[in-house]
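Comments concern the structure below.
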Amino acid sequence: MKTTQTNIEKKYNALLKKYQEAINIIYDITPTSDYTPDYMTYDYDGFLEFSNNDDYFYFKQLKEAVNKSELYVKYLNHSYNNTFG
Numbered sequence: 071m072k073t074t075q076t077n078i079e080k081k082y083n084a085l086l087k088k089y090q091e092a093i094n095i096i097y098d099i100t101p102t103s104d105y106t107p108d109y110m111t112y113d114y115d116g117f118l119e120f121s122n123n124d125d126y127f128y129f130k131q132l133k134e135a136v137n138k139s140e141l142y143v144k145y146l147n148h149s150y151n152n153t154f155g
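Start counting the sequence shown at 71; every next residue gets the next number (the working numbering).
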């Protein structure tokens, strides 16, 4: 029997995907001496571990982390590639 995802589960999983994409972009842009994506990966693993928790206690923190990571990607794109977006 297939279980359907609730609305918050879908949002949480979408945020996890966005966070992973941002981490991958940061890994591609930054030099190897920048450990920021490594720390973000540890956070991602923690958010992923708690994705099976029914109360989604860390939803707000994940949303903030995604917003910060997307802003950081924009900053890095501007700094290293002189582009916005």
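Even glycine gets a Cβ: it sits at the ideal position worked out from N, Cα and C.
In the three-state reduction of the DSSP assignment, residue 107 falls in the helix class, which pools H, G and I.
In this structure, the straight-line span from the alpha carbon of residue 140 to that of residue 94 is close to 11 Å. Sixteen is the threshold: since fewer than 16 other Cβ atoms of the shown chains lie within 10 Å of the Cβ of residue 112, the residue is exposed. For residue 130 and residue 152, the gap between their C-alpha atoms comes out near 31 Å. For residue 75, same chain residues with a beta-carbon under 8 Å away, outside a window of 5 residues either side, are 83 in chain order.
By the beta-carbon neighbour count (other beta carbons within 10 angstroms, threshold 16), residue 114 is buried. The residue among 104, 96, 134 and 86 with its C-alpha nearest the C-alpha of residue 145 is 96. In the displayed model, residue 127 falls within coil according to three-state DSSP, outside both helix and strand.
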